[in-house]
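Each residue of the sequence shown is one higher than the one before, starting from 17 at the first, in our numbering. To start, the structure under review is shown below, and the notes come after it.
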Amino acid sequence: MKLITTVEEFNKFRQEIKENQNLGFVPTMGALHDGHIELAKQAQKDCDIVAVSIFVNPTQFNNTEDLKKYPRTNKQDLELLEKTGIDAVFMPSEVEMYPEKDERIFDFSPLDTVMEGKFRKGHFNGVGQIVSKLFDIIQPNKAYFGEKDFQQLAIIQKLVKDYKYSIKIVPVQTMREKDGLAMSSRNLRLTEAHRDAAPLIYKTLTQSLKQFGTKSVKEIESFVMETINKNPFLKIEYFEIVDAKSLQQISDSNQTNEPVGCIAVHASEIRLIDNIRYNQIK
Ligand code: PAF
17 MKLITTVEEF NKFRQEIKEN QNLGFVPTMG ALHDGHIELA KQAQKDCDIV AVSIFVNPTQ
77 FNNTEDLKKY PRTNKQDLEL LEKTGIDAVF MPSEVEMYPE KDERIFDFSP LDTVMEGKFR
137 KGHFNGVGQI VSKLFDIIQP NKAYFGEKDF QQLAIIQKLV KDYKYSIKIV PVQTMREKDG
197 LAMSSRNLRL TEAHRDAAPL IYKTLTQSLK QFGTKSVKEI ESFVMETINK NPFLKIEYFE
257 IVDAKSLQQI SDSNQTNEPV GCIAVHASEI RLIDNIRYNQ IK
């Protein structure tokens with residue numbers, strides 16, 4: 017496995033890849049778990065060569081404390097990627113990625129004004145900045161993103177379309193712990209009590225699945241919020257049933273063929289997100 021830390025070195029690596037070889041790319045912020053490895057394995061199935069990036073991107077954090085405390089486990093990450101058989105890891109420094117302040121403003125509207133965009137101001141602009149930089153450097157044929165970050169995935173698809181990248185975005189389904197909790201690097205920071213409470217999020221989402229089509233959207237939203245808020249270790253930030261493409265909230269189940277429930281929950285200072293597609297029962 018090649019460990020590359022500069023853009024110049026990556027350019028050399030990229031030039032050595034033949035025209036008829038496909039490069040698959042998995043962008044990450046490290047603290048790797050099985051969800052990331054699933055993305056990498058999917059990339060290995062589809063592509064001749066796979067590159068993974070590890071970079072904790074400061075511009076997508078709207079909270080400096082969250083950035084400071086974001087788990088960093090580089091040594092284990094590299095061992096895991098080596099074991100998985102990844103061809104190259106791009107692990108640049110902050111100066112390498114941002115030699116000067118990135119002043120670019122991305123317009124992902126209306127996708128970035130709702131849910132995460134409403135509660136984490138500037139977050140998706142930061143994601144746009146780093147992912148576009150990474151796409152320009154890596155120049156992958158395919159890039160892999162997890163469905164847990166449902167809104168991010170929609171925004172990346174818009175980025176690719178608007179900026180005419182010839183990159184195929186491959187969504188990969190959310191990997192879960194045995195108790196249903198969506199895998200996330202942030203899970204590492206949960207206290208024991210919050211970790212015990214956290215599976216209630218997905219459990220409640222799956223319960224709401226059975227209600228879809230029989231109860232009103234408003235009733236389902238209230239059910240999810242009330243059930244989760246009853247747990248003293250969890251506090252809902254939002255739960256919305258939205259159209260999977262526009263991400264706009266629906267008020268009636270017939271308003272879309274692709275309803276998806278998106279949720280953000282605070283488990284003390286840790287913010288957990290998850291989602292469920294309601295059309296899987298149709
Ligand atoms: O999903 C993530 O880990 C990050 O948002 C990404 C796509 C690596 C950009 O920093």
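Backbone N, C-alpha and C fix where the C-beta goes; we use that ideal spot for every residue, glycine too.
Notebook entry, point to check: What does a CB cutoff of less than 8 Å around residue 171 pick up in its chain, not counting 5 residues either side in sequence?
Noted result: Cβ neighbours of residue 171 beyond the five flanking positions: 124, 127, 128, 140, 143, 144.
Check: Taking Cβ positions, are residue 137 and residue 62 nearer each other than 8 Å?
Finding: With respect to residue 62, residue 137 sits apart: the two C-beta atoms are not nearer than 8 Å.
Check: Which of helix, strand or coil does DSSP assign to residue 298?
Finding: Any reading at residue 298 must be qualified, since the residue scores a pLDDT of 44, below 50, and its modelled position is unreliable; no value is offered.
Notebook entry, point to check: Which residues bound the alpha helix (DSSP H) around residue 148?
Noted result: 139–154 is the span of the alpha helix (DSSP H), which, as asked, contains residue 148.
Check: Any chance the CB of residue 165 is under 7 Å from a heavy atom of the ligand PAF?
Finding: Indeed, a heavy atom of the ligand PAF lies less than 7 Å from the Cβ.
Checklist line | Residues near residue 233 by beta carbon distance below 7 Å, same chain, minus five either side | finding: Around residue 233, the same chain offers 257, 266, 267, 268, 269 as residues with beta carbons nearer than 7 Å, after the five sequence neighbours per side are excluded.
Next item on the list: Answer yes if the segment 206–213 comes into contact with the segment 182–192, meaning at least three C-beta pairs across the two stretches below 8 Å, and no otherwise.
Entry: Fewer than three beta-carbon pairs drawn from the segment 182–192 and the segment 206–213 are found closer than 8 Å, and the two stretches are therefore not classed as touching.
Item checked: For residue 190, the three-state DSSP class (helix, strand or coil) -> Secondary structure at residue 190: coil, using DSSP grouped into helix, strand and coil.
Next item on the list: Have a look at 134, 71, 147, 197 and flag the residue whose alpha-carbon is nearest the alpha-carbon of residue 211.
Entry: It is 197.
Next item on the list: Kindly indicate the opening and closing residues of the beta strand (DSSP E) around residue 290.
Entry: Start and end: 286–293.
Check: Of all the options 86, 57, 163, 45, which has the alpha carbon lying nearest to the alpha carbon of residue 276?
Finding: Distances from the CA of residue 276 to each of 86, 57, 163, 45 were compared; the closest alpha carbon is that of 163.
Checklist line | residue 172 (DSSP reduced to helix, strand or coil) | finding: In the structure shown, residue 172 sits in a helix (DSSP, three-state: H, G or I).
Margin query: Among the candidates 99, 179, 48, whose CA atom is the shortest distance from the CA of residue 89?
Written below: Answer by Cα proximity: 48.
Check: So residue 213 is in the beta strand (DSSP E); what residue range does that whole segment cover?
Finding: Note, residue 213: premise wrong, no beta strand (DSSP E); alpha helix (DSSP H) at 208–213.
Next item on the list: Run the proximity test for residue 169: is its beta-carbon closer than 7 Å to any non-hydrogen atom belonging to the ligand GTP?
Entry: In the structure shown, the ligand GTP is absent; the only ligands present are the ligand PAF.
Next item on the list: Could you spell out the range, first to last residue, of the beta strand (DSSP E) harbouring residue 56?
Entry: Unbroken run through residue 56 is the alpha helix (DSSP H), 50–62; no beta strand (DSSP E).
Notebook entry, point to check: Quick one, are the C-beta atoms of residue 222 and residue 292 less than 8 Å apart?
Noted result: A contact, by the Cβ cut-off of 8 Å.
Next item on the list: Please state whether DSSP places residue 23 in a helix, a strand or coil.
Entry: Residue 23: helix per DSSP, three-state reduction.
Checklist line | Bridge-paired residues (DSSP) for residue 43 | finding: Beta-bridge partners of residue 43 (DSSP): 69.
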